[in-house]
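**Q**
Protein chains: 6
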Amino acid sequence: MSDFLNRNDVRFFSGRSNPDLAAGICAQLSVPLDQTYFSRFSNDNLHVQLGTSVRGRDVYIVQSLTPPVSDHLLELLMMLDIARGAAAREVHAVIPYFSYARSDKKDAPRVSITARLIADLLQTSGATQVMTMTLHSPQVHGFFSLPTDPLTARGLFVDYIREKQLDRCNTVVVAPDAGIAKAAAKFAERVGLPLAVGNKIRLSDTSVSVNDLVGRQVEGFQHAIVYDDEIATGGSVDEVCQIMVKHGITEITVICTHGLFLGRAVERLSSIPEIVDIVTTDTVAIPQEKRLPNMTVLSVATVFADAIRRNYFRLSLGDLFTYGEDVEVTGVQCAP
Amino acid sequence: MSDFLNRNDVRFFSGRSNPDLAAGICAQLSVPLDQTYFSRFSNDNLHVQLGTSVRGRDVYIVQSLTPPVSDHLLELLMMLDIARGAAAREVHAVIPYFSYARSDKKDAPRVSITARLIADLLQTSGATQVMTMTLHSPQVHGFFSLPTDPLTARGLFVDYIREKQLDRCNTVVVAPDAGIAKAAAKFAERVGLPLAVGNKIRLSDTSVSVNDLVGRQVEGFQHAIVYDDEIATGGSVDEVCQIMVKHGITEITVICTHGLFLGRAVERLSSIPEIVDIVTTDTVAIPQEKRLPNMTVLSVATVFADAIRRNYFRLSLGDLFTYGEDVEVTGVQCAP
Amino acid sequence: MSDFLNRNDVRFFSGRSNPDLAAGICAQLSVPLDQTYFSRFSNDNLHVQLGTSVRGRDVYIVQSLTPPVSDHLLELLMMLDIARGAAAREVHAVIPYFSYARSDKKDAPRVSITARLIADLLQTSGATQVMTMTLHSPQVHGFFSLPTDPLTARGLFVDYIREKQLDRCNTVVVAPDAGIAKAAAKFAERVGLPLAVGNKIRLSDTSVSVNDLVGRQVEGFQHAIVYDDEIATGGSVDEVCQIMVKHGITEITVICTHGLFLGRAVERLSSIPEIVDIVTTDTVAIPQEKRLPNMTVLSVATVFADAIRRNYFRLSLGDLFTYGEDVEVTGVQCAP
Amino acid sequence: MSDFLNRNDVRFFSGRSNPDLAAGICAQLSVPLDQTYFSRFSNDNLHVQLGTSVRGRDVYIVQSLTPPVSDHLLELLMMLDIARGAAAREVHAVIPYFSYARSDKKDAPRVSITARLIADLLQTSGATQVMTMTLHSPQVHGFFSLPTDPLTARGLFVDYIREKQLDRCNTVVVAPDAGIAKAAAKFAERVGLPLAVGNKIRLSDTSVSVNDLVGRQVEGFQHAIVYDDEIATGGSVDEVCQIMVKHGITEITVICTHGLFLGRAVERLSSIPEIVDIVTTDTVAIPQEKRLPNMTVLSVATVFADAIRRNYFRLSLGDLFTYGEDVEVTGVQCAP
Amino acid sequence: MSDFLNRNDVRFFSGRSNPDLAAGICAQLSVPLDQTYFSRFSNDNLHVQLGTSVRGRDVYIVQSLTPPVSDHLLELLMMLDIARGAAAREVHAVIPYFSYARSDKKDAPRVSITARLIADLLQTSGATQVMTMTLHSPQVHGFFSLPTDPLTARGLFVDYIREKQLDRCNTVVVAPDAGIAKAAAKFAERVGLPLAVGNKIRLSDTSVSVNDLVGRQVEGFQHAIVYDDEIATGGSVDEVCQIMVKHGITEITVICTHGLFLGRAVERLSSIPEIVDIVTTDTVAIPQEKRLPNMTVLSVATVFADAIRRNYFRLSLGDLFTYGEDVEVTGVQCAP
Amino acid sequence: MSDFLNRNDVRFFSGRSNPDLAAGICAQLSVPLDQTYFSRFSNDNLHVQLGTSVRGRDVYIVQSLTPPVSDHLLELLMMLDIARGAAAREVHAVIPYFSYARSDKKDAPRVSITARLIADLLQTSGATQVMTMTLHSPQVHGFFSLPTDPLTARGLFVDYIREKQLDRCNTVVVAPDAGIAKAAAKFAERVGLPLAVGNKIRLSDTSVSVNDLVGRQVEGFQHAIVYDDEIATGGSVDEVCQIMVKHGITEITVICTHGLFLGRAVERLSSIPEIVDIVTTDTVAIPQEKRLPNMTVLSVATVFADAIRRNYFRLSLGDLFTYGEDVEVTGVQCAP
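In structure tokens form, the structure reads like this:
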């Protein structure tokens, strides 16, 4: 079986949120990224045109829900609608960063479980399959009626850390809160390091407090790898790092899948000298001015390209998949 | 039968596009406008909370699709979703200005008939009925699967013009293009004036050209009432007025339902001294700085309130309705 | 790539409205028209049986909604239902003449937007794609949730007229009303002729009045090509022709896509000696007795066959498509 | 609780198949039958307008699927669509004779189970509930996703026969075939008569053969009551009657719910002198010229009115219902 | 064309009701039966995992609704859901014994037409096609919205009986009641034997009474072949056999498709010495202890495998199909 | 406004899982529990009949998904289907214990997110609203398309503990793992006690291991209140209690909403002498033999009755609701 997709079977289009990642995925697959034309009417209506016939093809539309989220979402919905209406065979919504995954429950009366709403809107607009990465909670997978593959960047992080050949005796993986604990545990196991888990308590959308207890768990280590899914304003990772430092950590590696770096995030991260390495991905397009000298941006293009290739050749996506990160947590211990 | 809605049966909420109109509708109905809380997460996700229980109530959510259109649309979809999920009995989307009505056909390959897409998204999000005003083409009505009432502001314009007691011998109604001709004809008949119809040719979204032929039709008149559905950047109305002036018109009244006044619109309108009166409505919220001295903003609150009251008391909405503006066009003539 | 469809991949069936066109399409594609068996139970119930297995095939069902429309519609719905239930892969409703496209808006209270209703019934019955030709208004396209291709016969008319080598200096294309203006403009441009546009005012279903203004536009020309989408009872084309004659036109070519020729149509057309040529198509089956000596019936079989071939080979249908007829209207002028 | 419906809560409309029955139902309920306007465009498209506002009302639309069945079906679908689109609260399709109930199974490859298709079309068109009478097989009830009430006219027949005070010693009820046996058994039990069951073998749509075995069962009786659901061309009842006569029956009463009397039916029935009484109902409108002197047409208006009244007052419809006719068959015997 | 399915295109899985039949089907098709893992959580929740990737494959899931029916149904629904969610191309529910086909009508107020409910649940869970065998009534076919193929085992029985070379002069086929009469007639015709039909009257779920009339029909014959669709507790077949014996039959062959043999069935059948042969199939798994010495279990694996092969190669399933068993009944007579 | 439901507006039915709770809810509301008839056909098919007309009523069907879960689920689906088909106005599925909430994510390839599947099946079967209690994760709420109210028993536990007047200086609330931490924090705050959080690691369905770290947090306290959502086999609570005891706790109160007490649960709980009180509810029916002397079963009938009453009178359910248990966690500390 060939490793190459038949160019005539597929079509790739990119919304305006992250064209570089879309181009990267296409480069990995040796297929062209087809043109899309965007404009805005004087009354602020969006206008989108796909540049190539999609009739009978498997169409992949790449769009991250980054700011301006509403515009990017509507662009995506329109592109799906066009592909369906133009008689595509399959219409894949590829959403590297699905921002609304955080709106996954009703934590007050009369609010919207918006992640579910968006999942339904994607289907109404014509998506037949969804690909995304590291949803905020694994249950969000169940909001989709369509076949949906939530991929993981963990493999990229594992390879990166393994290459660093960190001292296994004085390095600890730190999960800032219980929500990320299982994913961090799986990562820790794959790189052969112990794990400490904090209890992050959310005060508001922009302000969190991390229980100091995690500090006691890291005493005796020198290097901490703080492992999280998303850095928005950086408040939470800032506080964890300060607790680390207070408890004797002298070197910190920060790992996160979705590097939004909004508000004061860059400032916060650059003000902690112990942070030697910030490792993130390009699910969110990171402009040059936010790229700190100690920042490494791993491309998830390989992961999405691999998933698309496997889907095309009808191979299992098991290895690329997150599966609620539940497996093999047993045996992980924090025991310096 | 009482004229008052039972306050305990209904709930009114407003998105952020046009709260004054929402308040006006509620004032007309003697019911309170319920509170809605809006915020935005640091990652640009919207967060909306309805402030009052809607269980078993008829809920009305007022939102115009004005810029930023995507945010306002998503707000609306989330509010509908909340109302449905909180067990409302009926969920009415009240959309005084439905911007995407203009995207009503496939005028190029691989574009979206976005008006239909939005109609479907409204239903997916939980709307059970839709109220709107003066859709760009009457066929858009057929895009909605839900009971939908496209209302008209024509009655307001008729009353306004009748009060002016314009000279019937030297005043002519001008429809800038064939699309608006039927609506203009109905208006002309109700105010007892002759009609002239132009042929507008759209060069691009922001540039149109009006066939000079309409000029010949208005010769001999002094006062022209230019009747259109929407003024965005004002290019089209600008050109029509200049043709009018060239052909001897000395006084111009401009009437339009949706006064967006975007880009150079205000500048254009204020640069034509023959325009004595600009009559529009508040389907789109018009900020103070755009309100020219010769501008009259009629409130459609009475029209929507009347429709809601009739719906509540199960009366026919016939008189408020547009019906494709088809009826009674017979006999309308341009015959000075 | 071969130009021939694999006979084993497709199945073609015809309802009883226009078997000759169905046979023509199949001949163009070098595939057989499969047998369908029709009968009627004693209680007037229809009974339909498809004559060949459709399992896993792309099925094309050709049916025009010509009188008796209700029977032909129900036949179509039953044939779609059979194909779906018998496990066809794709089920294409090919509707050369979609009569209900005219019922596209609510022009009175409590009437049905029947074009939308029929679009939904087609989907309920199992259609997965729709092909049709020259819908009365381009917005009707948006009534279909399914991938839908409204084709155009314009190319046939262009070829026909070009071959005639008409004198470009004294021939004008006439659009009887604004609704057909854009399509006529596109046609005029392709044959390099000027355009005149009339204002048809519909008095009732069978009676229309054409504003005399169009007459002034054609003065100075000798030959007029009246371009319309449909001739039913012929009242409208009759009146336009008489206006033409009154304003000096001595030769008239009438072009229309859907030649229904109902009621007094044939009589009307044959009573105007200036009509030298009536050009129509076979979207509606025209019986021998209605074929006037000066009538040319172009077969749309080539257009549908081409669209089906392109769909089969996953080529763009762009060139066959109507696209609301909006493009390239710029520059068209009536300037003798 | 009042016995009268609040006139302001309900609306009744009739299609063109059976306006007398619709009027009869309304008379029973002391509510007016609202006006409906029907016309046909020159291209044979139907046009329907409901004459009264239905907003928030329970709408009942009465239409039997009698010839021309396709037109009557489409009328019904359009009326449902109008009621839904005009914001009715409930939309009841009242179908006294549902002709397509006979197309209830796939008895050949690639035919349609049209009864199921029609059930789906009714729902797509906006029906929220269905009322009908004596479906050809009780399983057809399961084709409807909507709450559906198949009523029975048996009560009317029971009352009629009881009044006749027939001699219980020499009268036998005859079910022409096994399909009607259970319903006939229930009838026989209610009137206290024995039952004989024939084996009808359908040769084609218009020709059946009744196994002579039933003749042996009726020997010794003088009066036979032939009980069937529908008489179309009368071939089957004709043959049964002849067998009866051959085996000594001297008086025959024919009972059927749906009296279509198509083709040679009237002629056939009038040529058997032993038939003393033909009892049928008005689910199908019977024109004067088909009403034989010995024919009694019982109106089902009372049954439908009663069902509507019970539905309105939320009472059980149990007594009016057919329930597959299964109950209480035990103990029925043919034992003279 | 090859007779072999491409193993890489298909996946076969079996629920826990009848793994032997599933294995038999796979053996017939020379494809492996893929692994499925079943377990039950401590709170009685079922847990199912498919053992092989199904991405882009045609998936066949074999499950009979045998006791425990609810567990087997839920297993099936979960397996369908998994296949759909894992991006299978087609998902076939293969249900050799569809127990709920018996719940096909509303024979009392406020009961469920459960066969229709289950049909809907299968679709909701992800089935795209259904294969089953000998539904209790042919109308149940119409409950499915999906392409559904109700197969028949009649061919197996015909072959079996032909091989026996029974004496045509003294053997009669017996249909215990009218419901099975048409299927029995078709069988009788194919084996060239006369037919007798009984009138079974159901007293309750476990108790029936067969009208003695059938006895008279078999007088003069020595060997009766009792032909039924299902034997549950065996009460009905028991009674028919006793009537046969009473009327002189000395040898009985019992044929039924679904051999449930519940309650006292085995005991009953073994107590009638005249029963020389019980012929059934493996749609229901028959444990060793219920296999009487005179019982022959024909495997339907060949029938299902043939249907699957035909579906895969897009051949007609006509010959395997039941078609309401209506055809060719004409001419069948009971005439010794 | 009266506090009493109008008996004629509502109907209450109970499945077979927990009739006592259903009766308790009805008693609280002063309405009768209507009869439901259950039986099983000989082939194991379920048969259900509702005992009272539901036409136009709000129907509440109470069923916990306790063992046998599949039978109880199917009963529920059939009851919903009956209510819908019998023209109920609203159909509420009241599911005090929704067992499948635990199957809320894809933690391995090719498994089912069964909680989502069941949510969809409930809707397909006719539910219009859902009421349940303490779902395993708050995200499961988003699996339901219908208005859904996940209630909480926390108020009952708060009242119970407040009445005990526990010493605030030496009592600590213990959340066995992070999943329950937020709910436990809310409880702790309402009773004014500190909180400790353990890290439970699930080894398999029946075996878990609790990280010993929680032990250090409770040192210095005497009384621990272990707060969990569900006790199945009791393994997890057993281990937590033993850790408590090891770290000096001498009195333990165990609180859980869903007391399944399966397998060795009763044995385990009765073998720890420090457990002085086991507080649970009747969402799961607890048979007499499992009721330990130190067990207190609080009835949630009041909570469900209150929610139903509020729904009926259209009051907010805010106070009864769980809201992801997110609010007010701030300030909770473990600080002896």
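As given, the protein sequences belong to chains A, B, C, D, E and F, one line each in that order.
Quick note, the first sequence lines up with residues -7 to 328 if you use this note's numbering.
Quick note, the second sequence lines up with residues -7 to 328 if you use this note's numbering.
Quick note, the third sequence lines up with residues -7 to 328 if you use this note's numbering.
Quick note, the fourth sequence lines up with residues -7 to 328 if you use this note's numbering.
Quick note, the fifth sequence lines up with residues -7 to 328 if you use this note's numbering.
Quick note, the sixth sequence lines up with residues -7 to 328 if you use this note's numbering.
Ideal Cβ positions, reconstructed from N, Cα and C, are used throughout, including at glycine.
Quick caveat: nothing in here was measured; it's all calculated off a predicted structure.
Could I get the ranges of all uninterrupted alpha helix (DSSP H) runs contained in the region 240 to 265 of chain F, with 4 residues as the minimum, in chain order?
**A** When DSSP assignments are scanned along the region 240 to 265 of chain F, the uninterrupted stretches of alpha helix (DSSP H) that are 4 or more residues long and fall wholly within it turn out to be 257 to 262.
**Q** Only counting the same chain, and skipping five residues up and downstream in sequence, which positions put a Cβ closer than 7 Å to that of isoleucine 278 of chain D?
**A** For the purposes of this step, residue 278 of chain D is identified with residue 286 of the fourth sequence, where counting begins at 1. Gly251, Phe253, Val289.
**Q** Taking all protein chains shown into account, do 16 or more other C-beta atoms lie within 10 angstroms of the C-beta of lysine 238 of chain C, making it buried, or fewer, making it exposed?
**A** Position 246 of the third sequence, counted from the start, is the residue given in the question as residue 238 of chain C. Here lysine 238 of chain C is exposed. Its C-beta has fewer than 16 other C-beta atoms within 10 Å.
**Q** Between alanine 188 of chain E and isoleucine 235 of chain E, what straight-line distance do the alpha-carbon atoms span, to the nearest angstrom?
**A** Numbered from 1 along the fifth sequence, position 196 holds the residue referred to as residue 188 of chain E. Numbered from 1 along the fifth sequence, position 243 holds the residue referred to as residue 235 of chain E. If I take the Cα positions, the gap works out to 13 Å.
**Q** Is there a Cβ from chain B that is less than 8 Å from the Cβ of leucine 195 of chain D?
**A** As a position in the fourth sequence, residue 195 of chain D is number 203, starting the count at 1. Reliability fails at leucine 195 of chain D, whose pLDDT of 48 lies under 50, so the model's placement of it is uncertain and no value is given.
**Q** In chain E, which residues lie less than 8 Å from glycine 77 of chain C when you measure between Cβ atoms?
**A** Taking the third sequence and counting its residues from 1, the one referred to as residue 77 of chain C is at position 85. Result: Pro139, Thr140.
**Q** Asparagine 303 of chain F versus chain B: which residues are under 8 Å apart at the beta carbon?
**A** Position 311 of the sixth sequence, counting from 1, holds the residue named residue 303 of chain F. Neighbours of asparagine 303 of chain F on chain B, chain order: Arg47, Gly48, Ala79.
**Q** With H, G and I counted as helix, E and B as strand and the rest as coil, what does DSSP make of valine 295 of chain B?
**A** Position 303 of the second sequence, counted from the first residue, corresponds to residue 295 of chain B. If DSSP states are grouped into helix, strand and coil, valine 295 of chain B belongs with the helices.
**Q** Using a C-beta to C-beta distance shorter than 7 Å, which residues of chain A count as neighbours of serine 308 of chain C?
**A** On the third sequence, residue 308 of chain C is found 316 positions in, with the first residue counted as 1. Residues of chain A passing the Cβ test: Ser45, Arg47.
**Q** Should the region 131 to 144 of chain C be regarded as contacting the region 171 to 191 of chain B, the criterion being three or more beta carbon pairs within less than 8 Å?
**A** no
**Q** Leaving out five residues on either side along the sequence, give the residues of the same chain with a beta carbon under 8 Å from the beta carbon of aspartate 12 of chain A.
**A** The sequence position of residue 12 of chain A within the first sequence is 20, counting from 1. Cβ within range, chain order: Asp274, Ala277.
**Q** So that I know if they touch, is there some Cβ in chain C lying closer than 8 Å to that of leucine 261 of chain D?
**A** In the fourth sequence, the residue the question calls residue 261 of chain D occupies position 269. It does not; no Cβ of chain C falls within 8 Å.
**Q** Among residues of its own chain, excluding the 5 on either side of tyrosine 52 of chain E, which ones have a beta-carbon nearer than 6 Å to its beta-carbon?
**A** Counting from 1 along the fifth sequence, the entry for residue 52 of chain E is found at position 60. The residues are Phe4, His84, Val86.
**Q** Give the DSSP bridge partners of histidine 64 of chain F, in chain order.
**A** Working through the sixth sequence from its first residue, we reach residue 64 of chain F at position 72. None, per the DSSP bridge assignment.
**Q** How many Å lie between leucine 195 of chain A and aspartate 63 of chain B at the Cα?
**A** To locate residue 195 of chain A, count along the first sequence from 1; it is residue 203. To locate residue 63 of chain B, count along the second sequence from 1; it is residue 71. With a pLDDT of only 47 at leucine 195 of chain A, under 50, the local geometry of the prediction cannot be trusted, and no value is derived from it.
**Q** With a cut-off of 8 Å, do at least 3 Cβ pairs link the region 259 to 272 of chain B to the region 56 to 74 of chain B?
**A** no
**Q** How many angstroms separate the CA atom of threonine 116 of chain D from the CA atom of glutamine 121 of chain E?
**A** Taking the first residue of the fourth sequence as 1, we reach residue 116 of chain D at position 124. Taking the first residue of the fifth sequence as 1, we reach residue 121 of chain E at position 129. Threonine 116 of chain D and glutamine 121 of chain E: Cα-Cα distance of roughly 22 Å.
**Q** Closer than 8 Å, CB to CB, is proline 168 of chain B near chain C or not?
**A** Residue 168 of chain B sits at position 176 when you count from the first residue of the second sequence. False, the Cβ-Cβ gap to chain C never drops below 8 Å.
**Q** Whole angstroms are fine: how far does the CA of serine 34 of chain E sit from the CA of threonine 367 of chain F?
**A** The shown model of chain F, from -7 to 328, leaves out residue 367 of chain F, and the question about it has no answer.
**Q** What separation, rounded to the nearest whole angstrom, lies between the Cα atoms of glycine 345 of chain C and aspartate 99 of chain B?
**A** In the structure displayed, chain C extends from -7 to 328; residue 345 of chain C sits before or after that span and is not available.
**Q** What number of angstroms, rounded off, separates the C-alpha of arginine 233 of chain B from the C-alpha of glycine 240 of chain B?
**A** Residue numbering aside, residue 233 of chain B sits at position 241 when the second sequence is read from its first letter. Residue numbering aside, residue 240 of chain B sits at position 248 when the second sequence is read from its first letter. The sequence given here has cysteine at residue 233 of chain B, not arginine. Cα-Cα distance, rounded: 11 Å.
**Q** Alpha carbon to alpha carbon, how far is tyrosine 89 of chain A from arginine -1 of chain A? Give it in angstroms, no decimals.
**A** Mapped onto the first sequence, residue -1 of chain A falls at position 7. Mapped onto the first sequence, residue 89 of chain A falls at position 97. The alpha-carbon atoms of arginine -1 of chain A and tyrosine 89 of chain A are separated by roughly 26 Å.
**Q** Looking at C-alpha atoms only, which residue of D/Asp50, D/Ser91, D/Ala80, D/Gly43 is the closest neighbour of proline 60 of chain D?
**A** The residue you call residue 60 of chain D lines up with position 68 of the fourth sequence. Closest option to proline 60 of chain D, Cα to Cα, is D/Ser91.
**Q** What residue range does the beta strand (DSSP E) around alanine 173 of chain D cover?
**A** Residue mapping note: residue 173 of chain D aligns to position 181 of the fourth sequence, counting from 1. Annotation for alanine 173 of chain D: no beta strand (DSSP E) segment contains it, though the alpha helix (DSSP H) segment containing it runs 170 to 183.
**Q** Kindly give me the distance between the Cβ atoms of histidine 128 of chain D and arginine 94 of chain D, rounded to whole angstroms, as I take these residues to be in contact under 8 Å.
**A** Your numbering for residue 128 of chain D matches position 136 in the fourth sequence. Your numbering for residue 94 of chain D matches position 102 in the fourth sequence. Confirmed, about 5 Å.
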